[in-house]
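Using our numbering, you'd call the opening residue of the sequence shown number -5 and step up by one each time. By construction, the Cβ of each residue, glycine as well, lies at the ideal position given by its N, Cα and C atoms. For reference, the structure is listed below as structure tokens.
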Amino acid sequence: MELSGNENGGNTLKRIIALEAVFMMLMAALIFPSFAAFSPTDAQRPAFSIGIVSPENRTYISESVPANLSLEVQHSLPRTEFLSWIGYSIDGAENVTVEGNTTIPITSYGSHSITVYATDVNGTDYASDTLHFTLTIPGDFNGNGQVDIPDVVLAAMAFEATPSDPNWNPDVDLAPVFGRIDIFDLATLVSYYGNSA
Ligand SMILES: [Ca+2]
């Protein structure tokens, strides 16, 4: 009798310990999320991304160099609270610091690359994908550095087009009246024929 009584007493003690354990787990579950909200771990922080909106991966036309292209950078978290520095590098040259969207001087015709970099307030460095673009002269519609036969073909394909047409090509709209590819654009192209960047 006493032995079974002791066993009953032991079972009761186990139940109390188990209830206390459940109580402690409930308390931890109630308390922990409020602490977690105040000190997020790295895994809980949103991922940061940085990219280039402008320039785009295409051919730009300029009558002369240096040519100023607009630089527009997009990043996923606010600069003022998160980033301590933003800069860019053209063709792998030394980084240039920027304070928001600006224009960048492109000093030579041909193919170029640009990468944007950022450093956050904790000193972590980020880089955008590298973007490629071409700078060339008016009349060089295919960006090969010369006003030649392929450019005349591209102009012919856009002949009589206006901006709403599928064959519209703004690069071919070389001469007034702007907004329509006409004989004056082709005459201007002929005057450029043979030029090289
Ligand atoms: Ca060409």
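Residue from the options whose Cα sits closest to the Cα of residue i
i	options	result
Ile108	Glu93, Gly117, Glu88	Glu88
Ser83	Ser122, Leu77, Ser56	Ser122
Thr128	Gly139, Phe42, Asp176	Gly139
Asp179	Trp79, Gly188, Pro160, Ala155	Ala155
Gly117	Asp134, Gly133, Phe76	Phe76
Ser185	Gly173, Ile55, Gly104, Asp134	Asp134
Phe43	Phe153, Ser58, Ser70	With the sequence shown as reference, residue 43 is identified as Ser, and Phe is not the correct amino acid for it. Of the listed residues, the one whose Cα sits closest to Ser43 is Ser70.
Leu125	Pro60, Tyr187, Val146, Gly86	Gly86
Thr113	Ser105, Ser56, Thr101, Thr91	Thr91
Tyr111	Ala149, Gln68, Arg9	Gln68
Residues that DSSP places opposite residue i in a beta bridge
i	result
Thr113	Trp79, Asp119
Ala61	Ile100
Glu66	Ser48
Tyr54	Leu129
Ser107	His126
Ile84	Ile108
Thr198	Only positions -5 to 191 of the chain appear in the structure, and residue 198 is not among them; the question remains open.
Thr91	Gly81
Ser190	Gln140
Buried versus exposed call for residue i [16 or more other C-beta atoms within 10 Å across all chains shown]
i	result
Ile177	exposed
Thr130	buried
Asp119	exposed
Val141	buried
Val47	exposed
Pro49	buried
Ala41	exposed
Gly45	exposed
Asp167	buried
Leu183	buried
Contacting residues, own chain, Cβ-Cβ under 6 Å from residue i (five flanking each side not counted)
i	result
Val115	Ser78
Phe153	Ile175
Asn189	Ile131, Val141
Spatial neighbours of residue i in its chain, beta-carbon cut-off 8 Å, leaving aside the 5 residues before and after
i	result
Thr97	Asn62, Leu63, Ser64, Leu65
His194	Any question about residue 194 goes unanswered here, given that the chain covers just -5 to 191.
Same chain, Cβ closer than 7 Å to residue i, five either side skipped, listed in chain order
i	result
Pro157	Gly173
Ser58	none
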